[in-house]
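Beneath this line is the structure, given in structure tokens, with notes to follow.
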Amino acid sequence: MLDKKYNHKEVEKGKYKKWLEKEYFQSGDKSKDPYCIVIPPPNVTGKLHLGHAWDTALQDIIIRYKRMDGFDAMWLPGMDHAAIATEAKVVAKLKKEGINKYELGREGFLEKAWEWKEEYAENIRKQWAKLGLSLDYRKERFTLDEGLSNAVKEVFVRLYNEGLIYRGERIINWDPEAKTALSNEEVIYKEVKGAFYHIKYFIEGEDDYLEIATTRPETLLGDTAVAVNENDERYQKYIGKNVILPLLNKKIPVIADQHADPEFGTGVVKITPAHDPNDFEVGERHNLERINILNEDGTMNEKTGKYQGLDRFKARDEIVKDLEKEGLLIKIEEITHNVGHSERTGVMVEPYLSKQWFVKMRPLADRILENQKNKETKVNFVPARYEKTMNHWMEITYDWCISRQLWWGHRIPAWYKGEEVYVGLEKPKGEGWKQDEDVLDTWFSSALWPFSTLGWPNETEDLKRYYPNNVLVTGYDIIPFWVNRMTFQALHFTNQRPFKDCLIHGLIRDKMGRKMSKSLGNGVDPMDVIDTYGADALRFFLTTNTAPGMDLRYDEEKVKSAWNFINKLWNASRFVLMNIEDIDNIDYEGKDLSIEDKWILTKLNETIKTVRTNMEKYEFNNAGGALYKFIWEDFCDNYIELSKSKLNNATTKKVLLKVITDILKMLHPFMPYVTEEIYSKLNVKEAESIMISSYPKYNKKEVFEEKEKLDKVIEDITNIRNLKVTNNITKEAGISLKAEKEVEDIYKNMLKITYENLNKEKEGEKYEYKSPYINIVYFQKGKEIDKNILKTEIEKLEASINKRKKLLANENYVNKAPANVVEQDRKKLKEEEEKLERLKEQL
RNA sequence: GGGCGAUUAGCUCAGUUGGUUAGAGCACUUGCCUUACAAGCAAGGGGUCGGGAGUUCGAGUCUCUCAUCGCCCACCA
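Take 133 as the starting number for the first sequence in our numbering and just add one per residue.
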């Protein structure tokens, strides 16, 4: 028997371990159709947050549903080495211990990083277990493991040989804190206060000057030209002349270039090819020298004379001071503008000239855009609008900078000897080859995740069976980083989409709608929530409180509400278990079913249909809502109450058992622990675990037309209760009752009418309620009847009838609206008119 | 500047291809310790769907427009 109250800690205890021991999570039954999800690999940088809990709960719901529904369901776990993020953490940890990364050296550092990885991976597995995720751990992968590293190398080499990977000197986004290049996607633009510094650039040998505005005055040390637009009449006369670069007193030319916009600022632009992507292009066009003025750590380098060694911001201050001293500073105009920051370290990124490896994106992106036009082969986004996000990024894409000046990651498979470059899977033969020191962007390996985890480039059984994956579940913020890249790599290397569907969810926010972040300190640890309310309540909250693709606010009250729902389920189950001890099968006979049995079985089947439809559409909010309503209202409030007077009837008991079994099964993907606990206590069950039982199927034979009748009876009961409450009818009131035989007891039980008060006295005011199935009168002495309520109701009803009559008199409506809709209206009108009759009689 | 989303009850959110009287949870009112559950039961109150225009027999739902908020992208010398 169940305890009196639902206790999530007791319920969850030991279950996950048992599931693992029984190997329920394992895939591979070849007699079934395959269904595969690969987990978005969490970074081995720390704890899982609520966003992970949400993301994985969604996947677990899908995979458990599919497993119960007869698929060979495979959910592949794994983790991401998260190159820059992890390296930053390990560096910080070492720093605390007084160890410098560079003193440690590459090998020593990697050893520490692997130690870190093991520790955090184990922690993540523990959290997955707490959440109850049915992952097939035999398939677990790590982006840096041998197989995946081979896949990475293979892809790099092949793209290189196809001309889709190249090495070149470009302006990239430089993170001076992590001392590495970043991709455009890893740069976050934030609005900051800054200034336009207006500076005089004197014309060589003249008293005249050009006024130039810049937000980064320190870069003037790297200027190699000044540009104006050739159509700009103000400046045409200067083209071809030289200006004197302030502070350095160096001659640089005035050139004509379309980059200078006469409408913007003063119309004159300083050109710093080594520190601005646009200027870089101008430099290319005019063959200008590229002068890099920065060190890797963001300090000024040896080319900057007296400023050498100063931090870039300190140097800016000094330069502005010096300009002012020399009378070259015209004004400082304060502005707010968007400046790029590193996604990981948060520092301002520096556009920086550097030799890096790039993926040539245009052909790969076009492949996606082309493929998305084909309904049969495209990635189906849910909600569909997110396809636009992917397409948009693919339309504007830049070449992808993939090299990172880090140690933790896949080392670039390129070797150099003098001017020679060799790219291959292995070190080339011969002496003197030196491998590239850099590693690859972490997303380069995660882009291969859907197929590299299944064994690609080898033609493995798993790859044949589980690829493409059925669905990928992730947040919309990850589309540009990951979904896009998986898609073009998959199309390029496997000629298929990586997954058929892509279920997108939003971001988790705090109760006030703010993003959860460390700096705000508003983060919620899912493990704390599980401790307080249990994994089942957390999962139900996360997956049923929002429509697909929308953000979700974390609200403890709602988790509590989920807990209450589970407690309700618990108690309903308790009631059933208390009363079915002598039942050893659920094979009831159709002829033995009462009207209430038929009613609940019909409702059950309607619910199964709705739930299944919504599970297939990933609309778990609707599936959860339908279950909530069915369980609480139909089953608990009505069927259980109705069953209480029939507990000596074996059929009633069997129906109770049948319904609670199907309820548990349908809820299982949402709340695995509690459903398993209750299921284990059932007398009759098809499997030793609910996990491997079958998902309920819609059964047309158990849909009965008597359902309509009981719906009406229940409506009557509500109305009669309302009549009693609004008129203060007491227990002592006399009752006269006439009801249809089949439903008479239902009225009596639900209205708590006993023989004592039936026909007891028939004096006093009459309170009457009539319907097709019942005619009941309450007699209460010494009370005036408040007929106002009745009058209002009649007025309302009359208004509704008039409206409907008018509608049905409208030829346009009758001719154009679907027949069933019109028929519904006619039926409704008839009912309303009958009801009006009855009410008028009572007046 | 471009795109996307949101705007529905006091709060947080649903509302599927346009079709009865727009739903839920929490909060609120009233009455109940009825032996599955007081973290519960019963009965209620509360919104005209951001504003405006249009299409339609019929609009929360489709179109246009305006407003506010949020996100993404671009610009930012």
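Glycine included, every Cβ here is placed at the ideal spot set by N, Cα and C.
Would the beta-carbon of valine 603 fall within 8 angstroms of that of aspartate 633?
-> Locating residue 603 in the first sequence gives position 471, counting from the first residue. Locating residue 633 in the first sequence gives position 501, counting from the first residue. Between valine 603 and aspartate 633, the C-beta gap is smaller than 8 angstroms, which places the two residues in contact.
Do three or more CB pairs link the region 270-289 to the region 207-218 at distances below 8 angstroms?
-> At 8 angstroms Cβ cutoff, the stretches touch.
Curious, which full-length beta strand (DSSP E) runs of at least 3 residues does the region 366-390 contain?
-> 374-377 and 382-388
Going by DSSP, which residues form a beta bridge with serine 486?
-> If you number the first sequence from 1, residue 486 lands on position 354. DSSP, once it has assigned bridges, lists Arg302 as partnering serine 486.
What does a CB cutoff of less than 8 angstroms around aspartate 165 pick up in its chain, not counting 5 residues either side in sequence?
-> Within the first sequence, the letter at position 33 stands for residue 165. Gly202, Phe203 and Asp204.
In three-state DSSP terms, what is arginine 594?
-> The residue given as residue 594 occupies position 462 in the first sequence. For clarity, residue 594 is aspartate in the given sequence; the question names arginine instead. The answer is helix: DSSP assigns aspartate 594 an H, G or I state.
Under 7 angstroms from any heavy atom of the ligand ATP, does the C-beta of threonine 218 make it?
-> Questions concerning the ligand ATP fall outside what the structure shown contains, since it holds no ligand whatsoever.
6 angstroms CB neighbourhood of tryptophan 702 in its chain, flanking five on each side removed | In the first sequence, the residue the question calls residue 702 occupies position 570. Residues of the same chain with a CB within less than 6 angstroms of the CB of tryptophan 702, apart from the 5 flanking positions on each side, are Tyr138 in chain order.
DSSP state of threonine 742 mapped onto helix, strand, coil = Counted from its first residue, the first sequence places residue 742 at position 610. Note: threonine 742 maps to helix in three-state DSSP.
Is the CB-CB distance between isoleucine 371 and valine 386 below 8 angstroms?
-> To locate residue 371, count along the first sequence from 1; it is residue 239. To locate residue 386, count along the first sequence from 1; it is residue 254. It is a contact, given that the beta carbons lie within the stated cut-off.
Three-state secondary structure (DSSP) at phenylalanine 203?
-> Along the first sequence, one-based indexing puts residue 203 at 71. Three-state result, phenylalanine 203: strand.
Where the beta strand (DSSP E) containing glutamine 912 begins and where it ends | Translated into the one-based positions of the first sequence, residue 912 becomes position 780. Glutamine 912 -> beta strand (DSSP E) spans 906-912.
Among Gly279, Thr404, Lys902 and Lys141, the one whose alpha carbon lies nearest that of isoleucine 849 | Your numbering for residue 849 matches position 717 in the first sequence. It is Lys902 whose Cα lies nearest to the Cα of isoleucine 849.
Backbone secondary structure at isoleucine 256 - three-state DSSP | In the first sequence, residue 256 corresponds to position 124, counting from 1. In the structure shown, isoleucine 256 sits in a helix (DSSP, three-state: H, G or I).
Every unbroken beta strand (DSSP E) inside the region 530-600 [3 residues or more] | 546-549 and 552-555
At which residues does the beta strand (DSSP E) containing valine 319 begin and terminate?
-> Locating residue 319 in the first sequence gives position 187, where the first residue counts as 1. Residues 319-335.
Proline 166 lies in the beta strand (DSSP E); which residues open and close that run?
-> Here residue 166 refers to the residue found at position 34 when the first sequence is read from its first residue. Taken as a continuous stretch (DSSP letters only), the beta strand (DSSP E) holding proline 166 covers 165-170.
Return yes when the Cβ of isoleucine 715 is within less than 8 angstroms of the Cβ of leucine 785, no when it is not.
-> For the purposes of this step, residue 785 is taken as residue 653 along the first sequence, with counting starting at 1. For the purposes of this step, residue 715 is taken as residue 583 along the first sequence, with counting starting at 1. Sequence check: residue 785 is lysine here, not leucine. Yes.
Helix, strand or coil at histidine 524 according to DSSP, with G and I counted as helix = As a working note, residue 524 is residue 392 in the first sequence. Three-state DSSP puts histidine 524 in a helix.
Nearest candidate by alpha-carbon position, reference aspartate 976, set Ile846, Lys510 and Lys228 = Outside the modelled stretch of the chain, which goes from 133 to 975, sits residue 976, for which no answer is possible.
Keeping to the same chain, check which residues put their C-beta closer than 7 angstroms to that of alanine 261; ignore five residues upstream and five downstream.
-> Sequence index remark: in the first sequence, residue 261 carries index 129 (1-based). Contacts found: Tyr148.
Are three or more beta carbon pairs between the region 278-292 and the region 399-406 nearer than 8 angstroms?
-> Taking a cut-off of 8 angstroms for Cβ pairs, the region 278-292 and the region 399-406 do not touch, as fewer than three such pairs fall below it.
Proximity to asparagine 419 [Cα-Cα], best of Asp389, Leu236 and Glu966 | Stepping through the first sequence from its first residue, residue 419 is reached at position 287. Asparagine 419 has its Cα closest to that of Asp389, out of Asp389, Leu236 and Glu966.
Whole-angstrom C-beta distance between lysine 566 and tryptophan 547, which should lie under 8 angstroms | Taking the first sequence and counting its residues from 1, the one referred to as residue 547 is at position 415. Taking the first sequence and counting its residues from 1, the one referred to as residue 566 is at position 434. 6 angstroms between Cβ atoms; contact.
Run of the beta strand (DSSP E) containing histidine 213, from where it starts to where it stops = Locating residue 213 in the first sequence gives position 81, counting from the first residue. Note, histidine 213: premise wrong, no beta strand (DSSP E); not H, not E.
Would you list, in sequence order, the uninterrupted alpha helix (DSSP H) runs of no fewer than 4 residues that lie entirely inside the region 395-427?
-> Secondary structure in the region 395-427: the alpha helix (DSSP H) runs of 4 residues or longer, each lying completely within the stretch, are 409-418 in chain order.
Pick out the complete beta strand (DSSP E) segments inside the region 815-890, 3 residues or longer, and give them in chain order.
-> 866-871
Within the same chain, show all residues whose beta-carbon is closer than 7 angstroms to that of tyrosine 945, passing over the 5 residues directly before and after it, in chain order.
-> Translated into the one-based positions of the first sequence, residue 945 becomes position 813. Same-chain partners within the cutoff: Leu939.
In terms of DSSP beta bridges, what is valine 605 paired with?
-> The residue given as residue 605 occupies position 473 in the first sequence. Answer is Leu635, bridged to valine 605.
Counting pairs of Cβ atoms below 8 angstroms between the region 342-358 and the region 428-448, do you hit three or more?
-> yes
Where does isoleucine 194 fall in DSSP's three states?
-> If you number the first sequence from 1, residue 194 lands on position 62. In the structure shown, isoleucine 194 sits in a helix (DSSP, three-state: H, G or I).
Would you kindly check if the distance between the Cβ of alanine 345 and the Cβ of isoleucine 384 is under 8 angstroms?
-> Position 252 of the first sequence, counted from the start, is the residue given in the question as residue 384. Position 213 of the first sequence, counted from the start, is the residue given in the question as residue 345. It is not a contact, given that the beta carbons lie outside the stated cut-off.
Could you tell me if threonine 675 is buried or exposed, where buried requires 16 or more neighbouring beta carbons within 10 angstroms of its beta carbon?
-> Position 543 of the first sequence, counted from the start, is the residue given in the question as residue 675. So threonine 675 ends up on the buried side.
Beta strand (DSSP E) segment containing glycine 472, residue limits = On the first sequence, position 340 is the one that residue 472 refers to. Counting along the chain, the beta strand (DSSP E) containing glycine 472 begins and ends at 461-474.
Give the DSSP-derived three-state secondary structure of threonine 783 in the structure shown.
-> The residue given as residue 783 occupies position 651 in the first sequence. DSSP places threonine 783 in helix when its eight states are reduced to three.
Extent of the continuous alpha helix (DSSP H) run through leucine 291 = Along the first sequence, one-based indexing puts residue 291 at 159. Residues 278-293.
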